[in-house]
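K.L.:
Listed in order, the protein sequences are those of chains A and B. Heads up, the first sequence stops at 106 in the numbering used here, and the numbers go up one at a time, no gaps. Heads up, the second sequence stops at 1402 in the numbering used here, and the numbers go up one at a time, no gaps.
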Amino acid sequence: DAGVIQSPRHEVTEMGQEVTLRCKPISGHNSLFWYRQTMMRGLELLIYFNNNVPIDDSGMPEDRFSAKMPNASFSTLKIQPSEPRDSAVYFCASSVQGLNTEAFFGQGTRLTVV
Amino acid sequence: DQQVKQNSPSLSVQEGRISILNCDYTNSMFDYFLWYKKYPAEGPTFLISISSIKDKNEDGRFTVFLNKSAKHLSLHIVPSQPGDSAVYFCAASSTSGTYKYIFGTGTRLKVLA
């Protein structure tokens, strides 16, 4: 398996523009997570899906952020409108929900909002 | 509110010596703990884990210790190698809850040759 695939790897956009980050989880995994890495908060959980259903979105910072998982093999994280403080590395991870399992991470999308 | 805390942002160790990375948690519902390693421009990769029914788990040079009463875990790397230089994240999960993984802020380990 190719692992968790994220695109794009790098995104530079202007303040106010819409940004869409994409993720393909590992086939057979039924849980998907979006994280944001910052110096202050480390790996911050934004939202978590199980069987394509959003279970916990309490980490989504503002209404400008939204996430979808239309099927088991694809998820998007959208920021509209984007702001400079959204600049960070965004990671997607997937796992098989169950006892004593680990999450597998993609390589991340480095977002820069200017 | 940070439920998983790594209070040392960085650590430097001589090659061949022991590296000890620490992690504290506040939620008593957490019962599964993981360590991840992250190199620059890459995603975190799973290193080792421990269930709350154990107090120690060992995998080669890596050992994780869990002290449930203190809500504290640590990762020992012996002997440390220059290739171990990376950021290490501690994570916790509740297997009776939503199974989400809560991560700490990370500790940057530098192993000096």
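Ideal Cβ placement from N, Cα and C applies to all residues, glycine included.
1) Taking only beta carbons into account, state which residues of the segment 1366 to 1397 of chain B come closer than 7 Å to chain A, listed in chain order.
2) Of all the residues that make up the segment 1329 to 1352 of chain B, which are near chain A by a beta-carbon distance shorter than 8 Å?
3) How many whole angstroms separate the CB atoms of residue 63 of chain A and residue 42 of chain A, which I take to be in contact at a CB cut-off of 8 Å?
4) Taking Cβ-Cβ distances shorter than 7 Å, what residues in chain A pair up with residue 1323 of chain B?
5) What whole-angstrom Cβ distance do residue 1293 of chain B and residue 1400 of chain B have, given they're in contact under 8 Å?
6) Which of the three DSSP states is assigned to residue 76 of chain A in this structure?
7) Please decide whether residue 37 of chain A counts as near chain B, where near means a Cβ-Cβ distance under 8 Å.
8) Tell me the DSSP bridge mates of residue 37 of chain A?
9) So what does DSSP say about residue 1313 of chain B, is it helix, strand or coil?
10) How about residue 40 of chain A: is its C-beta nearer than 8 Å to some C-beta of chain B?
11) Compare the Cα-Cα distances from residue 1331 of chain B to each of A:92, A:85, A:105, A:104 and report the closest residue.
12) What in chain B is Cβ-close to residue 33 of chain A, meaning under 8 Å?
13) To the nearest angstrom, report how far apart residue 1367 of chain B and residue 1339 of chain B are at their CA atoms.
14) In terms of residue numbering, what span does the beta strand (DSSP E) encompassing residue 1325 of chain B cover?
15) For the candidate residues A:104, A:-3, A:17, whose alpha-carbon lies nearest to that of residue 74 of chain A?
16) Since residue 57 of chain A meets chain B, which of its residues come closer than 7 Å, beta carbon to beta carbon?
17) At the 8 Å Cβ level, is residue 66 of chain A part of the contact set with chain B, yes or no?
18) Kindly say whether residue 19 of chain A, judged by its beta-carbon, lies nearer than 8 Å to any beta-carbon of chain B.
19) Could you tell me whether the Cβ atoms of residue 90 of chain A and residue 1392 of chain B are closer together than 8 Å?
P.N.:
With the structure as the only source:
1) 1378, 1384, 1387, 1388, 1389, 1390, 1391, 1392, 1393, 1394, 1395
2) 1330, 1331, 1332, 1333, 1334, 1335, 1338, 1340
3) Actually they do not touch by this definition, with Cβ atoms about 14 Å apart.
4) 94
5) Not a contact, Cβ separation roughly 24 Å.
6) helix
7) yes
8) A:27
9) strand
10) yes
11) A:85
12) 1291, 1394
13) 18 Å
14) 1321 to 1327
15) A:104
16) Under the 7 Å cutoff, chain B gives no residues; its nearest Cβ is about 17 Å from residue 57 of chain A.
17) no
18) no
19) no
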